[in-house]
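For reference, the structure is listed below as structure tokens.
If you want it as structure tokens, here you go:
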């Protein structure tokens, strides 16, 4: 028989010595840590990501080439002399000459500008239109959403390249690069719209919107001040990743001969012209193709890095 | 010696003889951060659990209480690792076990009831399948003689336990024959009439296929008067073991799910939170573990549901002889249910011992602080800083306030408020709020109490004019708020401000704290840049946060700090009324206490009126002057706080008060 009022062995009353367990004030703010916003956090993640560093350096170089092609070559890409046709490389002309006798190096350098402007302009338009339509659909819901979503579905059903070919056939005479930009945007905005709609729908139901309404904020103010800023990250992610694909699409269209006019220097056009002499002189095709591949890769890598930083949940660690 | 102490004596003897079931000594758990630093989540913690005992670990979030328990199960999340100390289960060291070795003890030796019933059941599998998974994974290892012995000690059963067939369960096929045989046996020994009917009704309710074992059937029969030999003959003849489905239904029935056989075929989404928690308890106990680890098992549930589930769990573990290690932040719950309590703070055990003794006479400053902050029914209304000034006059002053309650003018007047919602795929409307009327008097606090689904938040949203009532009116200072539009609405918004439940959701993560607090000033176009900055500083000072938080973002602050920011934002426009919708529910006890004091101080200083929505009656006791109790959208009881707490008129209010864990226990006697 034991005394049951006595605690079991190992369960006696224990009080930790106070000097080993110092008491802190309730719920103090940790003032030592630096203040961070979502963007600062994202930047910190990005900075450490090798993918971001490599693609960032590449993109800076590409943009620099596009802005100042004159720094890299003194040759006029449109100066073609048939005497030089398929001449191999020589000082001042490192990549040699194509069938028409144009300097391949300078054409690759000047082609950067075309590809990049098509990519960037298309992305800007797509983001503007897609976000607007997606946000309106997500925010207002009801029949507005129903109508807009069906329109998005219809555009989704049209393959971008096929649609672009059909539309561009009708405007063969227009020579501006805007032709390609607008056509790509016409078939490209839908995916952004879908993502924007989803992002707006999810951030619309977050409690801080109710909180601001109760503070006296109007629905439109909520949309612009709270909902949209909270929806930007997926939009930024899709914008960066699709930028590369627009560049590819432009090259494809130019390759097919219905994109940019042959007078505009573009990688797609050059690849197209070079394919007929692929057997005799493959290097003419090689240089613009590599330039295209590196550019697209850089943007897609950048998109991946941004996605990791802005949406840690999707990280493929 | 009475029967009760007899059982306790037996149990105590057994426990001393057996030694601790789980013994944790100097446990150290580290987590590794992204940049390779080690964070000591648990340091030098020791505690033990004896067979058949309930042990509680209490502490605030981040104190290492869940981490300690998960270390015992080998279920540390992420980079967590046991780096020191020992964990002994039945004398065997398990802290160095590999995951493969842990599999052999998890489920069969140690069961887990996880915290969140909503996310811990797989939505694509039937409940029964998930119970079956637990049984199959452990090869239905259900023979535990030692445990049955304990069960016997607890049940004070004096019969010899026949070890053979001890865990042979009753099958549903044999049940009708068994019942018939039992009736005949009873008739044979001369039980007739009412007594027979009563006995048979008892058998019907007790003999659940898949849960009732052979020896218990025999025991029941013997107790009913059947001769030993006959009883065992019947038990052996008809209790032949159950099918898997019977066993699943039996387990769910044990956990307190009615219609278990039907329920087992349903999916988690068809279950309420309480029912899911019962299913999880059934899974945790499926393999008859010797130790059940329950991580905040009922924190997500309403108090009345919590009480029912814990009562049931306690009965069940007592009859099975299972020890329970449960983690909770609720001191009342620990005091009421556990024999032994372990208080953790910042990864260390600061105090442990017999639960009542520790909580009534806390010695470590942290325990003292915790006990002082814990709201209970015994606590009084918080008195503000000014009133606290000198004791005697403070009490007087508050009395005066209470007297003047009758005469105070009405700020918010709610009359016959009704809100109906359309349910998807149903014709009839759902009445979320049904004819509710009350008045909030200026400078006082009215609390609306109710369980989830009682319509209390819907009322709050209608008072805030965020939802349009189906019928009825809300008037603010005598004006019908449904008439407010444009400018007058903006003015109304300025005077009636909300503080919401979820401190993680109500602040825009993209806004710095400065911008968040400044937002109402901007919306209402008050002041210029510099004067707004001055005001934000004032407000931060008011909620006792340093100025440096202005540049920070919500994700850097704790829940309590965010809630204080939300209060600062609500105070920015000098409102008359603040509607607090479960404003302190998500917070730790200490932080909750801090926020409640802050709210109270602001009330005295600025003459605020609060409409305080909560499910926690103990909090109501601390902050409210008047109480409205709601159930299923209806107003059940309405009165002053003292009236409702001391003399509840309605059964529902009484049930609610009874369900508060440790409600009748007085803690911190010598504080």
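Residue numbers (the UniProt record's numbering), protein chains in the order written: chain X, 1 to 317; chain C, 1 to 671. Even for Gly, the Cβ is constructed at its ideal location relative to N, Cα and C.
For residue i, which three-state DSSP category applies?
i: residue 276 of chain C; result: helix
i: residue 108 of chain C; result: coil
i: residue 61 of chain X; result: helix
i: residue 330 of chain C; result: coil
i: residue 97 of chain X; result: strand
i: residue 588 of chain C; result: coil
i: residue 284 of chain X; result: helix
i: residue 489 of chain C; result: helix
i: residue 170 of chain X; result: helix
i: residue 301 of chain X; result: helix
i: residue 199 of chain C; result: helix
i: residue 178 of chain C; result: helix
i: residue 550 of chain C; result: helix
i: residue 110 of chain X; result: helix
i: residue 296 of chain C; result: coil
i: residue 314 of chain C; result: helix
i: residue 224 of chain C; result: coil
i: residue 48 of chain X; result: coil
Rounded to the nearest angstrom, what separates residue i and residue j at their Cα positions?
i: residue 261 of chain C; j: residue 118 of chain C; result: 21 Å
i: residue 381 of chain C; j: residue 331 of chain C; result: 19 Å
i: residue 299 of chain C; j: residue 115 of chain C; result: 7 Å
i: residue 13 of chain X; j: residue 358 of chain C; result: 8 Å
i: residue 15 of chain X; j: residue 351 of chain C; result: 4 Å
i: residue 105 of chain X; j: residue 195 of chain X; result: 40 Å
i: residue 10 of chain X; j: residue 308 of chain C; result: 32 Å
i: residue 433 of chain C; j: residue 462 of chain C; result: 10 Å
i: residue 163 of chain C; j: residue 112 of chain C; result: The predicted model places residue 163 of chain C with a pLDDT of 39, which falls under 50 and marks its position as unreliable; any figure quoted below should be read in that light. Approximately 27 Å between the Cα atoms of the pair.
i: residue 184 of chain X; j: residue 210 of chain X; result: 38 Å
i: residue 22 of chain C; j: residue 423 of chain C; result: 50 Å
i: residue 504 of chain C; j: residue 170 of chain X; result: 54 Å
i: residue 262 of chain X; j: residue 62 of chain X; result: 23 Å
i: residue 313 of chain C; j: residue 292 of chain C; result: 10 Å
i: residue 449 of chain C; j: residue 631 of chain C; result: 9 Å
i: residue 520 of chain C; j: residue 573 of chain C; result: 7 Å
i: residue 198 of chain C; j: residue 278 of chain C; result: 29 Å
i: residue 29 of chain C; j: residue 39 of chain C; result: 8 Å
i: residue 140 of chain X; j: residue 296 of chain C; result: 40 Å
i: residue 33 of chain C; j: residue 513 of chain C; result: 26 Å
Can you pull the DSSP bridge partners for residue i?
i: residue 156 of chain X; result: Note: residue 156 of chain X sits in no beta bridge, so no partner.
i: residue 72 of chain C; result: Paired residues: none, contrary to the question.
i: residue 340 of chain C; result: C:55, C:354
i: residue 476 of chain C; result: C:412, C:479
i: residue 19 of chain X; result: Bridge partners of residue 19 of chain X: none, in fact.
i: residue 103 of chain X; result: X:97
i: residue 14 of chain X; result: C:352
i: residue 445 of chain C; result: C:610
Buried or exposed, going by whether 16 or more other CB atoms sit within 10 Å of the CB of residue i?
i: residue 70 of chain X; result: exposed
i: residue 39 of chain X; result: exposed
i: residue 278 of chain X; result: exposed
i: residue 329 of chain C; result: buried
i: residue 207 of chain C; result: buried
i: residue 638 of chain C; result: buried
i: residue 301 of chain X; result: buried
i: residue 19 of chain X; result: exposed
i: residue 354 of chain C; result: buried
i: residue 65 of chain X; result: buried
i: residue 429 of chain C; result: exposed
i: residue 294 of chain X; result: exposed
i: residue 176 of chain X; result: exposed
i: residue 258 of chain C; result: exposed
i: residue 457 of chain C; result: buried
i: residue 100 of chain C; result: exposed
### Task
Mind listing, in chain order, the continuous beta strand (DSSP E) runs of no fewer than 3 residues lying wholly within the region 597-668 of chain C?
Fully enclosed beta strand (DSSP E) runs of 3 or longer: 609-614, 626-631, 634-640.
### Message
My parser needs the beta strand (DSSP E) runs of 3 or more residues fully inside the region 19-101 of chain C; what are they?
### Response
Fully enclosed beta strand (DSSP E) runs of 3 or longer: 22-32, 38-49, 54-58, 81-89.
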